[in-house]
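J.: I am attaching a structure below and will ask some questions about it afterwards.
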Amino acid sequence: MIYCGEGEIGDNHQKFIFIFDAGSSNLWVPSKKYTSIGRRDKHLYESSKSNSYEKDGTKESITYGSGTVEGFFNKDLVTLCKPSVPYKFIDLTDKDNLYPIYNEVTVDGILGMGLKGISVGSIDPIALELKNQNKIDKALFSFYLSVQDKQAHYLTIEGA
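See below:
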C-alpha cells in the first residue's frame with residue numbers, strides 16, 4: 001500500500017500527486033526537461049513559470065530499494081493544504097531506473113516524510129521546515145488509513 005496526496009509547487013500552483021513516504025526524507029518531482037520513458041502521464045514541473053523559483057543546480061541522486069532517480073536541487077514554494085514554504089527539492093531531469101514501477105502508479109513524485117538523518121543533501125523534512133518557518137507549532141504529522149477502500153484517508157500536519 002502506498003499513501004498518496006496532492007500538493008503544489010511554485011507561486012503559480014503547479015499541481016502534483018506525491019507518494020507520502022515515511023522511509024525517505026526528500027521531495028522530488030519530474031521536470032519538463034525530464035527525458036525518461038517514465039514521464040508519460042506525469043505532471044511536469046516548469047521552473048520558468050514560477051516567480052518564486054530559486055536555482056540551486058547541485059546535481060544529486062536518490063537511491064530507493066526499487067531504483068535510483070537523478071536531477072538537480074532547486075528551491076520553490078511547496079504547498080500542502082494551506083501552508084506554503086520555500087523548500088529545496090530535486091527537479092528530476094536526467095534519468096530514473098524506477099521504470100516500470102514508476103509507470104504503474106498514478107503519482108508524479110515522492111515527498112519524503114522521514115528523518116533528516118536519512119535525507120540526501122541534509123535537507124530538513126517538510127514538517128520540520130514548516131516548523132522552522134513558523135507555519136506550524138510542532139514538526140508532527142500523522143496518517144489515518146481507513147480499512148475500507150472507499151473511505152477517506154488523511155495526512156495531518158500539526159497546525160495545518
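1 is the number of the first residue of the sequence shown in the UniProt record's numbering; add one for each residue after it. For every residue, glycine included, the Cβ atom is placed at its ideal position computed from N, Cα and C. Model, not experiment: these values are computed from the prediction.
Measure how close the beta-carbons of Gly65 and Leu92 come, nearest whole angstrom, since I'm counting them as under 8 Å.
T.: As a working mapping, residue 65 is identified with position 65 in the sequence shown. As a working mapping, residue 92 is identified with position 92 in the sequence shown. Contact flag wrong, Cβ pair sits at about 18 Å.
J.: Using DSSP with H/G/I as helix, E/B as strand and the rest coil, what is Gly112?
T.: Position 112 of the sequence shown, counted from the start, is the residue given in the question as residue 112. Here Gly112 sits in strand by DSSP.
J.: To the nearest angstrom, report how far apart Leu98 and Gly67 are at their CA atoms.
T.: To locate residue 98, count along the sequence shown from 1; it is residue 98. To locate residue 67, count along the sequence shown from 1; it is residue 67. The alpha-carbon of Leu98 is positioned some 5 Å away from that of Gly67.
J.: Leu111: which of Ile126, Glu104, Ser122, Ser61 sits nearest, CA to CA?
T.: Counting from 1 along the sequence shown, the entry for residue 111 is found at position 111. Among Ile126, Glu104, Ser122, Ser61, the Cα nearest to that of Leu111 belongs to Ile126.
J.: Using the rule of at least 16 other Cβ atoms within 10 Å of the residue's Cβ for burial, across every protein chain shown, is Pro30 buried or exposed?
T.: For the purposes of this step, residue 30 is taken as residue 30 along the sequence shown, with counting starting at 1. Its Cβ being crowded by 16 or more others within 10 Å, Pro30 is buried.
J.: Within 10 Å of its beta-carbon, does Ile119 have 16 or more other beta-carbons around it, so buried, or fewer, so exposed?
T.: Working through the sequence shown from its first residue, we reach residue 119 at position 119. The question names Ile, but residue 119 is Ser in the sequence shown. The residue is buried, with at least 16 neighbouring Cβ atoms inside 10 Å.
J.: Do you know how far the Cα of Thr58 is from the Cα of Ile136?
T.: Position 136 of the sequence shown holds residue 136. Position 58 of the sequence shown holds residue 58. Computed Cα separation, rounded: 29 Å.
J.: Suppose the cutoff is 6 Å on Cβ atoms and the five residues either side in sequence are ignored; what does the same chain contact list for Ser50 look like?
T.: Residue 50 sits at position 50 when you count from the first residue of the sequence shown. For Ser50, where only same-chain residues beyond five positions count, the Cβ hits under 6 Å are Gly10, Asp11, Asn12, Asp76.
J.: Which residues in the same chain as Cys4 place their Cβ atom closer than 6 Å to its Cβ, once the five residues preceding and following it in sequence are excluded?
T.: Reading the sequence shown from its first residue, position 4 is the one you call residue 4. If we look at Cys4 and ignore the five residues flanking it on each side, its Cβ neighbours are Ile17, Ile19, Val107.
J.: Within 10 angstroms of the Cβ of Val78, are there 16 or more other Cβ atoms? Answer buried if so, exposed if not.
T.: Taking the sequence shown and counting its residues from 1, the one referred to as residue 78 is at position 78. A residue is called buried once 16 or more other Cβ atoms fall within 10 Å of its Cβ, and Val78 is buried on that count.
J.: Can you say whether Phe143 is buried or exposed, counting buried as having 16 or more other CB atoms within 10 angstroms of its CB?
T.: Indexing the sequence shown from 1 puts residue 143 at position 143. Residue environment analysis places Phe143 among the exposed positions, since fewer than 16 neighbouring C-beta atoms fall within 10 angstroms of its C-beta.
J.: Below 7 Å between beta carbons: does that hold for Gly114 and Gly23?
T.: Counted from its first residue, the sequence shown places residue 114 at position 114. Counted from its first residue, the sequence shown places residue 23 at position 23. A contact, by the Cβ cut-off of 7 Å.
J.: Shortest alpha-carbon distance to Val105 belongs to which of Lys42, Ser52, Trp28?
T.: Reading the sequence shown from its first residue, position 105 is the one you call residue 105. Measuring C-alpha to C-alpha distances from Val105 to each of Lys42, Ser52, Trp28 identifies Lys42 as the nearest.
J.: Count the other C-beta atoms from every protein chain shown that fall within 10 angstroms of the C-beta of Gln148, then say buried if there are 16 or more, exposed otherwise.
T.: As a working note, residue 148 is residue 148 in the sequence shown. Answer is exposed; the Cβ neighbour count stays below 16.
J.: Kindly list the residues whose CB is nearer than 6 Å to the CB of Lys33, restricted to its own chain and excluding five residues on each side of it in sequence; keep chain order.
T.: Taking the first residue of the sequence shown as 1, we reach residue 33 at position 33. Only Thr93 meet the Cβ criterion.
J.: Among the candidates Gln14, Asp21, Lys15, whose CA atom is the shortest distance from the CA of Leu155?
T.: The sequence position of residue 155 within the sequence shown is 155, counting from 1. The option with the nearest alpha carbon to Leu155 is Asp21.
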